[in-house]
Amino acid sequence: MSRRSELAAGLASVQQRIETACAQVGRDPGSVRLIVVTKTFPADDVRLLAELGVTDVGENKHQEAVDKHAQCADLGLRWHFVGGLQSNKAAAVSAYCDVVHSVDRRKLITGLANGARGSERRVGCLVQVSLGDGEEPQARSGADPAHVLALANRVAYEPDLDLLGVMGVCPLGGDPVRAFDLLAAAAQQLQSEHPGASVISAGMSGDLETAIGCGATHVRVGTAVLGAREVLR
Ligand SMILES: *Cc1c(COP(=O)(O)O)cnc(C)c1O
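Just so we're aligned: 44 in this note's numbering is position 44 of the sequence shown, and the numbers increase by one with no gaps anywhere.
What follows is the structure, encoded as structure tokens:
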């Protein structure tokens, strides 16, 4: 099978899963946007995905993302940064990413805002919410739910950043229903102050149905479209 048909099959199966999950909870499939997470896969795959109709891609490492973006700049894709971000890379990420999903501390916001201003573009921001119960080590990625509103206010204050909503990752071994309900509650709290910040980025290859049941507006899917990654990360 050609790589193109492999990707087409992966995409079709994920789109089917999204439709079925939406039907089960009475949602319009058009209310869920698919972000294909292309980390570790080559720019050629991104190009094929664009030809197959993908509009949004996600990356989680700055160096890899900036190179791939440069090779794919003609495709008109929306680029999402979904991984943990070092503060000293934030300004650079603002130069090519359209949406940063991992905003979880003040220092990042300053860097992202400086980068956006410097490159004269707007950058969308999602506040990443920690969905652990405090016991898993992964609970540390993301802001404590109690700090989400303060971070959101800080994003909203920056003229070159757009506050779009929240993002979360279910901790390894954690209960996805519990995790995504926690994220939905954080989203609701955020929207009571910022009604336009309606994005809920949740759900990956293994748990996208649960995320859609809990209100996800964006799912971030890698493996189920592209196949297994050689390097685990
Ligand atoms: C890699 C990654 C994904 C995609 O994960 P899959 O299980 O391959 O679908 C989604 N979100 C984040 C933050 C990631 O790092």
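We put the beta carbon where it would ideally sit given N, CA and C, even for glycine. Predicted, not measured: the structure shown is a model, and the values here were computed from it.
Taken atom to atom, the span from the alpha-carbon of F81 to that of E158 is near 19 Å. An exposed status is given to V25, since fewer than 16 other beta-carbon atoms sit within 10 Å of its beta-carbon.
Summarising the contact set, residues whose Cβ lies nearer than 6 Å to any heavy atom of ligand 1 are, in chain order, V37, K39, N60, V82, G83, V169, M204, S205, G206, R220, V221, G222, T223 and A224. Between the beta-carbon of L151 and that of R106 there is about 7 Å, and that keeps the pair under the 8 Å contact cut.
Closest in C-alpha terms to L108, from the list V129, S198 and L85, comes L85. For G58, the three-state secondary structure derived from DSSP is strand. Restricting attention to G168, D44 and T38, the CA atom closest to the CA of R4 is found in D44. Distance from the CA atom of K61 to the CA atom of P42, rounded to whole angstroms, is 13 Å. Residue environment analysis places R122 among the exposed positions, since fewer than 16 neighbouring C-beta atoms fall within 10 angstroms of its C-beta. The straight-line gap separating the alpha-carbon atoms of E230 and D207 is approximately 21 Å. Around A92, the same chain offers H62, V66 and G115 as residues with beta carbons nearer than 8 Å, after the five sequence neighbours per side are excluded. Among the bridge pairs identified by DSSP, M167 is matched with Q128 and S201. For the 7 Å CB-CB criterion, G142 and D181 do not form a contact. Secondary structure at A143: strand, using DSSP grouped into helix, strand and coil. Proximity to R178 across A156, A146 and S130 peaks at S130, based on C-alpha coordinates.
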